[in-house]
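When we follow this note's numbering, the leftmost residue of the sequence shown carries the number 15, and every step to the right adds one.
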Amino acid sequence: MNKETFCSLPFSGLFLGSDGGVRPCCSLRGNLGNINENTVEEILNNGISRSIRTSIINNKWHPFCSQCKELESRGARTERTGTLHRLEDFNNADAGYFKLEKLDLRWSNTCNLTCNYCYEYFSSKWAEIKGIKINSNKEEAELRVFSFIEDNLNSINNVNLLGGEPLLQKPNIRLLDSLPKDAPIYILTNLTVPLQKNPVAQKLIDNPNVAWGISFETIQKRFEYVRHGGNWYQLLDNLRFLNNNKVKIIDSHPLYCMYSALNLVEYYDFIESEGYFSHLYWQVLQNINGLDVFKAAYPIKVKAIDELERVFVKYESKYNMDLLRKIYDSLKDSLHTQYYNSEKALQWLDDLSKSIPGKKQDFIREWTHLYSDFLATKYFIHKGDNLVRDENNVPLYSAEHIIIDDVDNQ
């Protein structure tokens, strides 16, 4: 096995999705099986599970693992890269090997928010809007999962609680009662549920082995726009409640996308002013073309690069910027690639407004300059000219060292 394709999770990880789907991790494109149809043991030893392990042993990317491959090409941190330190531990593993170490449990899609880039699989609110039933886990199937976990308690060394919203997942109460007291637990939450009245939170707050990850990448009004249904001041109250209760680890999990790319300094200013965040774990959004900075028009990418440079100047001496540096390099390398024109770039926003009326106007108000840039994506470069021009032939930006085809054939 080598570092380029190794991942320990197919040998040690159990991900449970809200539809009963079982995977080694959340990034797998496809399920190994479903707990409503087979036992956990059967799923972890079936042909798909063995084929993924065989690919890793043979130093090859399995097709189901393509998401990590794509994200890593952009410099993003992935589930796979987080396991590279375990390479030597699995050198002698074969295709039939599995030892439960990591749990990633999403019992249902129950959630209190309709985040603007989320969908029904992870949000019951989105499922309601779209009229799609996701939660199909049968009670007896959940009991089989608990039985499997309880039979393997001695080897579990990593427990992740996600959702939906994990603070609203009732099976987590039973899980927390059954785990060893010293089991390391990581909860990734939107933290907009009032903590002082929440039964799951009460089992976690005083546990020194629990680390808290908070999903947000914008602040104030923009936070409430992206995390639809959330309240910025409730989030602040909860963050400070955790800090006042001497929670050892409070991490931030921001998503790099159009919502955050031009407001990074503002975000880091908030993180710095609060003073209790342990780490920032950036992820890159790629499933919505209009929100994918790497597919944006040249003028938007230039502004995103400028914003990254501003963050580096102000905060690189205080915070680890390795991931943002990789994003920066990848973004510069992508400047010459085809962009999405204004019609495609705004399709996601039109669709969002159909589901949640008024969201387009809210976006225009909170991201006025970004919206204007979306509408100005019909730019071109004359051959032999190093200026990016708009459709009226007005120079916009220098295109030094950049070669872009005349996409509109003007």
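We put the CB at the ideal spot given by N, CA and C, even for glycine.
The model shown is predicted, which means the values in this text are computed figures rather than measured ones.
Residue nearest to residue i in terms of C-alpha spacing, selected from the options
i	options	result
L338	E323, S348, V316, L176	E323
V36	L276, D220, N48, L250	N48
I62	L42, Q81, N257	L42
Q234	G372, L250, K373, A225	L250
Y295	Q248, Y329, A310, I228	I228
I163	S26, K346, N334, E18	S26
A318	E286, K358, N277	N277
L167	L176, L189, A155	L189
T232	Y312, E280, I70, C21	E280
Y131	Y385, S369, E380	S369
M272	A310, L119, N252, P371	A310
S80	G34, R120, C39, N123	C39
V307	L345, A109, K328, S287	L345
G34	A141, M15, I148, H76	I148
G44	H76, N59, E51, M15	H76
K427	Y333, F112, E51, K113	In the structure displayed, the chain extends from 15 to 424; residue 427 sits before or after that span and is not available.
K427	I187, L157, L28, Y133	Here the chain covers residues 15 to 424 and nothing more, so residue 427 does not appear.
Y133	G372, T68, D320, L366	L366
C-beta atoms of residue i and residue j nearer than 8 Å
i	j	result
F284	Q210	no
E179	C125	yes
I263	N257	no
A197	N223	yes
Q248	P208	yes
W362	I314	no
V325	Y282	yes
E84	Q300	yes
I12	P24	As displayed, the chain neither begins before 15 nor continues past 424, which places residue 12 out of reach and without an answer.
L253	E288	yes
V327	R88	no
S274	F291	no
Y312	L349	yes
Chain-order list of residues whose beta-carbon lies under 7 Å from that of residue i (same chain, five-residue window excluded)
i	result
L360	G304, F388
V159	L30, I49, V54
Y385	F377, I378
F20	I70, L98, L101
Nearest-angstrom Cβ-Cβ length linking residue i and residue j, presumed shorter than 8 Å
i	j	result
Y239	F377	7 Å
I245	T206	The question names Ile, yet the displayed sequence has Asn at residue 245. About 6 Å; that satisfies the 8 Å criterion.
I143	A109	Actually they do not touch by this definition, with Cβ atoms about 42 Å apart.
G177	N123	7 Å
For residue i, the three-state DSSP class (helix, strand or coil)
i	result
C82	helix
R37	strand
R91	coil
Q248	helix
I49	coil
H99	helix
A359	helix
R158	helix
A318	helix
N174	strand
Q210	helix
Nonlocal neighbours in the same chain, by C-beta distance under 8 Å from residue i, ignoring five residues either side
i	result
N171	E115, K116, A197, P198
L127	S137, K139, E179, N204, T206, R241, H242, G243, G244
K17	L98, L101
S192	F160, I163, E164, L167
D364	K374
Contact with chain C by residue i, beta-carbon distance below 8 Å
i	result
W75	Looking at the structure shown, chain C is missing, and only one protein chain is on hand.
Residues of its chain near residue i, where Cβ-Cβ distance is below 6 Å and the 5 sequence neighbours each way are ignored
i	result
I219	N259
R236	E380
S22	T97, R100, F104
N221	none
A225	Y200, I263
R91	L337
Near the ligand ATP: residue i beta-carbon under 7 Å from a heavy atom
i	result
N223	Although the ligand ATP was asked about, the structure shown includes no ligands whatsoever.
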